[in-house]
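Q: Can you read through this structure? Questions will come right after.
Protein chains: 2
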Amino acid sequence: MRHLVITIGCEYGAKGNAIGRKIAEDLNIKFYNRDLVDEIIEEVGIPKEIMEKVEEGGTIAGKGAEGDVRGSFSKYADLTDRAIHVQKQIIRKLAEKESCVIIGRSADYILKDTKDIDLLRAFIYAPDEVRIHNIMESHNLSEKDAKILLLEKDKRYHKRHLALTGSNRGDRHNRDILMNSSYLGIEGTAEYLEELIRRKFGSEEE
Amino acid sequence: MRHLVITIGCEYGAKGNAIGRKIAEDLNIKFYNRDLVDEIIEEVGIPKEIMEKVEEGGTIAGKGAEGDVRGSFSKYADLTDRAIHVQKQIIRKLAEKESCVIIGRSADYILKDTKDIDLLRAFIYAPDEVRIHNIMESHNLSEKDAKILLLEKDKRYHKRHLALTGSNRGDRHNRDILMNSSYLGIEGTAEYLEELIRRKFGSEEE
Numbered sequence: 001m002r003h004l005v006i007t008i009g010c011e012y013g014a015k016g017n018a019i020g021r022k023i024a025e026d027l028n029i030k031f032y033n034r035d036l037v038d039e040i041i042e043e044v045g046i047p048k049e050i051m052e053k054v055e056e057g058g059t060i061a062g063k064g065a066e067g068d069v070r071g072s073f074s075k076y077a078d079l080t081d082r083a084i085h086v087q088k089q090i091i092r093k094l095a096e097k098e099s100c101v102i103i104g105r106s107a108d109y110i111l112k113d114t115k116d117i118d119l120l121r122a123f124i125y126a127p128d129e130v131r132i133h134n135i136m137e138s139h140n141l142s143e144k145d146a147k148i149l150l151l152e153k154d155k156r157y158h159k160r161h162l163a164l165t166g167s168n169r170g171d172r173h174n175r176d177i178l179m180n181s182s183y184l185g186i187e188g189t190a191e192y193l194e195e196l197i198r199r200k201f202g203s204e205e206e
Numbered sequence: 001m002r003h004l005v006i007t008i009g010c011e012y013g014a015k016g017n018a019i020g021r022k023i024a025e026d027l028n029i030k031f032y033n034r035d036l037v038d039e040i041i042e043e044v045g046i047p048k049e050i051m052e053k054v055e056e057g058g059t060i061a062g063k064g065a066e067g068d069v070r071g072s073f074s075k076y077a078d079l080t081d082r083a084i085h086v087q088k089q090i091i092r093k094l095a096e097k098e099s100c101v102i103i104g105r106s107a108d109y110i111l112k113d114t115k116d117i118d119l120l121r122a123f124i125y126a127p128d129e130v131r132i133h134n135i136m137e138s139h140n141l142s143e144k145d146a147k148i149l150l151l152e153k154d155k156r157y158h159k160r161h162l163a164l165t166g167s168n169r170g171d172r173h174n175r176d177i178l179m180n181s182s183y184l185g186i187e188g189t190a191e192y193l194e195e196l197i198r199r200k201f202g203s204e205e206e
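What follows is the structure, given as structure tokens:
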């Protein structure tokens, strides 16, 4: 049976998580944010610290190549490969199981050739000043600290996406639509994306 | 009086022109494609050949710096600056005058700080295989020739955009929305963008 999977990549602070949560609520389907995906990955035996190392992508190989003996480098690389493999498998399993919204974790890339689901791959971004404002509000940070966090997260997410997909983060070619969330706001953007789903797949409930 | 201006940047072969034309027809507003903008620029005294050189952006300075004497390089640079200035002025005038759709010509960047108009800045893209198919059909070309044209146009548009705006072409941060035109098709994409305009600015006719 075909069902609907919406992947939402987003810039840190652009409110992609809130938009995805509202879409899942409105359509009454499952919602997997980053933490939930990570928890499932941990359940099948890849510890969070390994996934965090995987997040840093390029850096791992770099470290190994520089300092470690050949043996431990290979072991480390295997573990990385395994973690990436597990992440891909789990995203695919979640998508196959039932209608859902999946935030981040390169799900757009992982699912790009999937044929048996109705798929919408969205990316949410916003001007830096809006993201900084959002981060200040969400985490009760000063403007200066919000900017530091923004830069750090951009760098980290970008590296991770590049390591996993070989393409730049936010690359439009892995997405069906990219939206500036400050144009219509959180609720407006969610509803406009729901409208896209209706236009593409009809309004039939699962 | 506020009115509506829609700028549509697009990848060659992604059907942004056809989408823009349909939006202008449906909303009954002016439609300026690239050629029309160029004609107006030519009318005010910047010959087409100069605008074409301006299109090549970086290349001009490169040539001057390599081979020409300092005097002629300066003259050339002045002319380039003037042509860019005129293009910016004309895009601004068109946008100030009345509701319209403007295709390409970095109008999204030129109008980014305009306050007196209702502005939607869209970018249309599509997978390479779809673009190649579109180019083959529009220009009656073989697949091989369509690919050559695609690569050449991508390179040229990218250079031009970089020269004029300092940012990469397709950079999401100068746009409110980026859409893969093959997701809903030409008519579907146009209608979905009209829906965005209604949601943002209401359905009031001018």
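One line per chain: the protein sequences are X and Z, in this order. For the first sequence, the residue numbers in full-length UniProt numbering are 1 to 206. For the second sequence, the residue numbers in full-length UniProt numbering are 1 to 206. We put the CB at the ideal spot given by N, CA and C, even for glycine.
1. Could one say the Cβ of Z:P47 lies closer than 8 Å to chain X's Cβ atoms, at least one of them?
2. Just the chain X side, please: which residues come within less than 8 Å of Z:D176 by C-beta, in chain order?
3. Which bits of chain Z does X:E195 rub up against, with CB to CB less than 8 Å?
4. What in chain X is Cβ-close to Z:Y125, meaning under 8 Å?
5. When the Cα of Z:Y43 is compared with those of Z:E129, Z:P127, Z:Q87, which residue comes out closest?
6. Please report how far the alpha carbon of Z:L184 lies from the alpha carbon of X:H158, in whole angstroms.
7. Suppose you measure from the CA of X:R198 to the CA of Z:I41; what does that come to, to the nearest Å?
8. Shortest alpha-carbon distance to Z:G188 belongs to which of Z:C10, Z:K15, Z:L4, Z:R2?
9. Which residues mark the beginning and the end of the alpha helix (DSSP H) in which Z:I46 is found?
10. Starting from X:I102, follow its DSSP beta bridges and name the residues at the other end.
11. Helix, strand or coil, according to DSSP, for X:A14 in the structure here?
12. I need the straight-line Cα distance from X:G9 to Z:Y12, nearest angstrom please.
13. Measure from the C-beta of Z:G188 to each C-beta in chain X and report whether the shortest distance is under 8 Å.
14. Is Z:R198 helix, strand or coil when you go by DSSP?
15. Where does the unbroken beta strand (DSSP E) through Z:I132 begin, and where does it stop?
16. Check whether the Cβ of X:K112 lies closer than 8 Å to any Cβ atom in chain Z.
17. In its own chain, which residues sit with a C-beta less than 6 Å from the C-beta of Z:A146, not counting the 5 before and 5 after it?
18. State buried or exposed for Z:S106, treating a residue as buried only when at least 16 other CB atoms are found within 10 Å of its CB.
19. Alpha carbon to alpha carbon, what distance is there between X:A122 and Z:R34?
20. Measuring alpha carbon to alpha carbon, tell me which residue in X:H85, X:H3, X:S181, X:I103 is nearest X:Y125.
21. Using only alpha-carbon positions, find the residue among Z:I46, Z:H173, Z:F201, Z:A83 that is nearest to X:E129.
22. Could you please give me the residues that DSSP links to Z:R121 through a beta bridge?
23. Show which residues of chain Z have a CB atom less than 7 Å away from the CB atom of X:K200.
24. Looking at X:L4 and X:I29, is the spacing between their C-beta atoms short of 8 Å?
25. Taking DSSP as the reference, what is the three-state secondary structure of residue 207 of chain X?
26. Which term fits Z:S142, buried or exposed, when burial requires 16 or more other beta carbons within 10 angstroms of its beta carbon?
27. By DSSP, does Z:R2 sit in helix, in strand, or in coil?
A: This is what the structure holds:
1. Residue-level contact by beta carbon fails for Z:P47 and chain X, as no gap is shorter than 8 Å.
2. Near Z:D176 (Cβ distances below 8 Å), the residues of chain X are M179, N180, Y183.
3. Taking a Cβ-Cβ cut-off of 8 Å, the neighbours of X:E195 in chain Z comprise Y192, E195, given in sequence order.
4. Listed along the chain, the chain X residues whose CB falls inside 8 Å of the CB of Z:Y125 are R172, H173.
5. The amino acid occupying residue 43 of chain Z in the given sequence is Glu; Tyr does not appear at that position. With distances taken between Cα atoms, Z:E43 lies closest to Z:Q87.
6. Cα to Cα, the separation comes out at about 29 Å.
7. Each residue's Cα considered, the two are about 42 Å apart.
8. Cα-wise, what sits closest to Z:G188 is Z:K15.
9. That residue, Z:I46, is in no alpha helix (DSSP H); it is neither H nor E in DSSP.
10. Beta-bridge partners of X:I102 (DSSP): X:T7, X:Y32.
11. Here DSSP, grouped into helix, strand and coil, assigns X:A14 to coil.
12. Using only the alpha carbons, I get a separation of about 25 Å.
13. Chain X, which has a Cβ nearer than 8 Å to the Cβ of Z:G188, makes this yes.
14. Note: Z:R198 maps to helix in three-state DSSP.
15. According to the DSSP assignment, Z:I132 belongs to no beta strand (DSSP E) but to the alpha helix (DSSP H) extending over 128 to 139.
16. Chain Z, which has no Cβ nearer than 8 Å to the Cβ of X:K112, makes this no.
17. Here the set comprises I132, I135, M136.
18. Classification for Z:S106: buried.
19. The C-alpha of Z:R34 lies about 29 Å from the C-alpha of X:A122.
20. Ranking X:H85, X:H3, X:S181, X:I103 by CA distance to the CA of X:Y125 puts X:S181 first.
21. Minimum Cα distance to X:E129 is reached at Z:H173.
22. For Z:R121, which the question treats as bridged, DSSP gives the partners Z:T7.
23. Annotation: Cβ neighbours of X:K200 in chain Z (cutoff 7 Å, chain order): Y183, L184.
24. It is a contact, given that the beta carbons lie within the stated cut-off.
25. Missing from the structure shown is residue 207 of chain X; chain X here goes from 1 to 206 and no further.
26. The residue in question, Z:S142, is exposed, as its Cβ has fewer than 16 Cβ neighbours within 10 Å.
27. Three-state DSSP puts Z:R2 in coil, outside helix and strand.
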